[in-house]
Amino acid sequence: MLVSLAIGNVVLIDRVDLEFGPGLCVLTGETGAGKSILLDSLGLALGMRANAALVRTQPDEGPATVTATFMPDQNAPILSMLTDHGLNLPDEGEPIILRRTVDAAGRSRAFVNDQPVSASLMRQIGEALVEIEGQFATQGLMDTANHRSALDGFGGLDELRSRVSGIYRDYRDAESALIDAQNEIARAREEEDYIRHAAEELAALDPQPGEETELAEARALLMHGEQLVEALSAAETALTKGDGVEDRIGAAIRSLARQTEAARGRFDAILDALERANDGIAEGLLQLQRTMADAEPDPNRLDTTEERLFALRAAARKHNTTVDALADLRKALDSKLAAIEDTGQALGALAEKRDRLKADYIQQAGSLNKKRIKAAKA
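The numbering of the sequence shown is the working numbering, which starts it at 19 and goes up by one.
Below is the structure:
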């Protein structure tokens with residue numbers, strides 16, 4: 019049911035908002051009062067041909083705009099039409115809103131619940147919502163395109179028809195999913211030899227995330243091993259020569275510790291700082307010695323590190339990816355192989371779903387057909 023009509027910038031109308039209640043609503047007025055403009059505006063919202071003559075000629079007024087609001091029944095055929103054309107259905111109790119704009123050049127735009135649609139689709143939707151009859155207009159009852167909806171409405175079959183339409187859509191979706199899966203598997207089988215070889219190659223390589231960075235750092239360390247060891251050795255000598263820094267700091271700590279009671283807390287901050295320094299030097303010396311061991315010149319170790327690093331980078335170039343992504347690529351290839359080997363079960367499940375929906379559709383459509391025949395004879 020049409021519940022409201024909003025018109026803006028159409029011919030003589032600047033702005034008008036009409037609301038319609040249930041039952042008969044009559045628009046009256048003298049000749050030339052603008053009744054036909056209201057009907058033309060409604061026709062514009064229902065998808066009829068747009069005409070630039072409808073737009074007001076006042077400058078800077080913007081396009082002509084007509085918005086028609088309808089409140090559909092719960093199982094109205096229009097809901098199935100919206101679904102069939104991929105449009106979002108209104109929530110229960112919410113209206114269907116048709117909006118049309120026309121600019122001064124005659125260009126129009128059409129919207130259904132704020133979703134852009136073509137003028138032809140809006141006309142189909144409009145014809146399903148409103149029948150405009152005139153002296154020379156074709157009555158909707160004589161239009162064969164409306165006969166099925168009229169028969170279903172007469173026989174109380176709108177809900178069953180909606181259910182059959184839903185089952186058919188589910189069947190077509192299942193059919194498409196099966197075809198897509200078959201095509202994907204066919205493509206995968208064509209590439210199976212390559213996929214299997216690449217998967218085996220990566221399995222043998224066994225790349226790990228972050229490995230490239232670790233190898234590059236180790237290589238840089240080994241390549242400059244002599245210079246680094248020399249610098250580290252000099253640092254170690256500076257820390258350990260003679261009594262060593264730790265021993266000297268330790269002696270300072272012991273000297274102050276003997277007088278802590280007499281100092282009455284004045285040495286506490288000094289002792290804390292010296293102890294932290296001593297701990298830091300000990301930790302630094304330990305790390306220094308470990309780094310010296312890692313940087314010790316070893317041609318064999320350098321060769322092994324470079325061989326591994328270059329192998330990973332070569333594999334990454336081959337597969338047009340990064341070294342860190344090789345591990346994920348390996349998993350993806352393994353998944354493709356598993357899918358190829360498991361095609362029978364996957365396709366079987368999709369085919370079973372398709373066949374079940376097809377059988378359900380045939381059964382429900384047959385029931386609808388019998389009830390239509392019965393309603394037609396009533």
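Quick reminder that beta carbons are idealized off the backbone N, C-alpha and C, glycines included.
Rounded to the nearest whole angstrom, the CA to CA distance from proline 317 to glutamate 325 is 12 angstroms. Across the structure, phenylalanine 172 and arginine 166 are spaced so that their CA atoms are roughly 10 angstroms apart. DSSP, reduced to helix, strand and coil, places alanine 86 within a strand of the structure shown.
In this model, threonine 85 and glycine 124 are separated by some 18 angstroms (Cα to Cα).
Here phenylalanine 328 is exposed, its C-beta having fewer than 16 other C-beta atoms within 10 Å. The residues Leu169, in chain order, have a CB closer than 7 angstroms to that of alanine 394 in the same chain once the five nearest residues on each side in sequence are set aside.
Pairwise C-beta distances place the segment 53-66 in contact with the segment 131-144, as three or more of them are shorter than 8 angstroms. The C-beta separation of leucine 147 from phenylalanine 88 comes to about 5 angstroms, placing the pair in contact by the 8 angstroms criterion.
Taking proline 40 as reference, the option from Arg282, Arg348 and Pro90 with the minimal CA-CA separation is Pro90. Assigned with DSSP and collapsed to three states, glutamate 208 falls in helix. Looking at the backbone, the Cα of leucine 223 and that of alanine 269 are separated by about 55 angstroms. Here DSSP, grouped into helix, strand and coil, assigns phenylalanine 129 to strand.
Under the Cβ criterion (8 angstroms, minimum of three pairs), the segment 200-208 does not count as touching the segment 331-339.
Setting aside the 5 residues that flank it on each side, proline 81 is surrounded in the same chain by Asn27, Val73, Thr119, Val120, Asp121 and Ala122, each with a C-beta closer than 8 angstroms to its C-beta; the list follows chain order. Judged by their CB atoms, leucine 60 and leucine 23 are nearer to each other than the 8 angstroms cut-off.
Of the residues Leu320, Tyr186 and Glu79, the one whose Cα lies closest to the Cα of glutamine 381 is Tyr186. By the Cβ neighbour-count rule, arginine 348 is buried, with 16 or more other Cβ atoms within 10 Å of its own.
In this chain, threonine 119 is not harboured by any alpha helix (DSSP H); it is covered by the beta strand (DSSP E) spanning 114-120. For serine 136, the secondary structure class from DSSP, reduced to helix, strand or coil, is coil. Between glutamate 208 and arginine 214, the alpha-carbon positions lie close to 11 angstroms from each other.
Excluding residues up to 5 positions away in sequence, Val29 lie with their Cβ nearer than 6 angstroms to the Cβ of isoleucine 55 in the same chain. Bridge pairing for aspartate 321: absent [DSSP].
Checking the DSSP bridge columns, you'll see isoleucine 25 partnered with Val34 and Val84.
In this structure, DSSP gives leucine 20 an extended state, which the three-state scheme calls strand.
The Cβ-Cβ distance between leucine 330 and glutamate 232 does not fall below 8 angstroms. Within 10 angstroms of the beta-carbon of alanine 192 lie 16 or more other beta-carbons, which makes it buried. With 16 or more other Cβ atoms from the protein chains shown falling within 10 Å of its own Cβ, proline 95 counts as buried.
Counting along the chain, methionine 99 sits inside the alpha helix (DSSP H) bounded by residues 95-102.
In this structure, the alpha-carbon of leucine 344 lies about 7 angstroms from that of alanine 334.
Taking C-beta separations shorter than 7 angstroms and ignoring five residues to either side along the sequence, the partners of lysine 371 in its chain run Ala192, following chain order.
Glutamine 200 is positioned such that its CB atom lies no closer than 8 angstroms to that of leucine 355.
Annotated three-state conformation of valine 263 is helix, per DSSP.
Short of 7 angstroms from the beta carbon of glutamate 264, and not among the five residues preceding or following it, lie these beta carbons of its own chain, in chain order: Asn296, Ile299 and Ala300. Scanning its chain for C-beta atoms nearer than 8 angstroms, with the 5 sequence neighbours on each side dropped, one finds no residue around alanine 367. Only buried fits leucine 240, as 16 or more other CB atoms lie within 10 angstroms of its CB.
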